[in-house]
Amino acid sequence: GENVEQHPSTLSVQEGDSAVIKCTYSDSASNYFPWYKQELGKRPQLIIDIRSNVGEKKDQRIAVTLNKTAKHFSLHITETQPEDSAVYFCAAFYSASKIIFGSGTRLSIRP
Amino acid sequence: NAGVTQTPKFRVLKTGQSMTLLCAQDMNHEYMYWYRQDPGMGLRLIHYSVGEGTTAKGEVPDGYNVSRLKKQNFLLGLESAAPSQTSVYFCASRQPRTPRGADTQYFGPGTRLTVL
Numbered sequence: 006g007e008n009v010e011q012h013p014s015t016l017s018v019q020e021g022d023s024a025v026i027k028c029t030y031s032d033s034a035s036n037y038f039p040w041y042k043q044e045l046g047k048r049p050q051l052i053i054d055i056r057s058n059v060g061e062k063k064d065q066r067i068a069v070t071l072n073k074t075a076k077h078f079s080l081h082i083t084e085t086q087p088e089d090s091a092v093y094f095c096a097a098f099y100s101a102s103k104i105i106f107g108s109g110t111r112l113s114i115r116p
Numbered sequence: 108n109a110g111v112t113q114t115p116k117f118r119v120l121k122t123g124q125s126m127t128l129l130c131a132q133d134m135n136h137e138y139m140y141w142y143r144q145d146p147g148m149g150l151r152l153i154h155y156s157v158g159e160g161t162t163a164k165g166e167v168p169d170g171y172n173v174s175r176l177k178k179q180n181f182l183l184g185l186e187s188a189a190p191s192q193t194s195v196y197f198c199a200s201r202q203p204r205t206p207r208g209a210d211t212q213y214f215g216p217g218t219r220l221t222v223l
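Quick mapping for you: the protein sequence lines, in order, are chains A and B. Using our numbering, you'd call the opening residue of the first sequence number 6 and step up by one each time. Using our numbering, you'd call the opening residue of the second sequence number 108 and step up by one each time.
Next comes the structure, spelled out in structure tokens:
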């Protein structure tokens, strides 16, 4: 069945450095790829998304890239700050009924 | 503007009991979703709705029922709770945009359910 693999499961970076999280999806019919940030004990928040007709999207320090041929998309966070520490989830929307989430990446920012 | 709210925030049930979780949104979003999140895992879609009066099954619908009689409310029911349904339940609303635009999505604060 459809699957979304997310790597790495944990990531620790020095404050100010960049962080990259990658997701690979299995169904080429997927057309929408959001990224969510979830702080400990809180609700997920949509932070950026990309559609299958776009290759890259940027919003201040975060960006998402999509490679449809390889079926993977990545989240890039530059100039990381302590408040970036959280669990990040990717998702692939295959249809209204098929929304598959990755298993999450716990990002820690070292001071 | 409260966004997405969920009630209750916490609940403990005994096996076989029933309950209803309420999700409400005040943003006039068309789509609403119920997810469950188990420890160390991503969210899994239980049921969803693309508009008032419509509901459909997601990835893990067994043991749950839903209703969306009003556009702003999406109810999740457990008819006979089982320990495997112990989880954190999140409701979400979404308003898709044009292909080049951005979606608007918000999650509720979650309901922590324990089934003994």
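Don't be surprised by glycine CBs; every beta carbon is placed ideally from N, CA and C.
Item	Value
So which residues on chain A does P216/B lean against when the C-beta distance must stay under 9 Å?	K47 and R48
Is S108/A helix, strand or coil when you go by DSSP?	coil
Which of the three DSSP states is assigned to D64/A in this structure?	strand
Considering only C-alpha positions, which residue in the set I104/A, Y41/A, L45/A and T29/A is nearest to D54/A?	Y41/A
Apply the 10 Å Cβ neighbour rule to A163/B and answer buried if 16 or more other Cβ atoms are within range, or exposed otherwise.	exposed
So, for R120/B: in the same chain, excluding its five sequence neighbours on each side, which residues have a beta-carbon less than 8 Å away from its beta-carbon?	Residue identity check: residue 120/B is Leu in the sequence provided, not Arg. If we look at L120/B and ignore the five residues flanking it on each side, its Cβ neighbours are M126, L185, A188, L220, T221, V222 and L223.
Interface residues of chain B around P39/A at Cβ under 9 Å?	D210 and Q212
Exposed or buried, which one is L128/B when buried takes at least 16 other CB atoms within 10 Å?	buried
Within 8 Å (strictly less), CB to CB, does D32/A reach chain B?	no
Looking only at its chain, what residues have a beta carbon closer than 6 Å to the beta carbon of E61/A, apart from the 5 residues adjacent to it on each side?	T70
What are the uninterrupted segments assigned as beta strand (DSSP E) that are 3 or more residues long and contained completely in the region 121 to 178 of chain B, given in chain order?	126 to 132, 138 to 144, 150 to 156 and 171 to 174
Quick check: K76/A and T29/A, are their CB atoms within less than 8 Å of each other?	yes
If you reduce the DSSP assignment to three classes, tell me which class S31/A lands in.	coil
First and last residue of the beta strand (DSSP E) that includes V195/B?	S194 to Q202
Rounding to the nearest angstrom, what Cα-Cα distance links Q113/B and I26/A in this structure?	30 Å
Find the residues of chain B that neighbour E78/A, judging by a C-beta separation of less than 9 Å, and give them in chain order.	The sequence shown places Phe at residue 78/A, rather than the Glu named in the question. Under the 9 Å cutoff, chain B gives no residues; its nearest Cβ is about 15 Å from F78/A.
Which partner residues of L51/A appear in the DSSP bridge assignment?	Y41/A
Just the Cα atoms here: how many angstroms apart are E88/A and G149/B?	21 Å
Just to make sure I have the definition right: I need the residues of chain A whose C-beta is within less than 9 Å of the C-beta of L152/B. Which are they?	S102, K103, I104, I105 and F106
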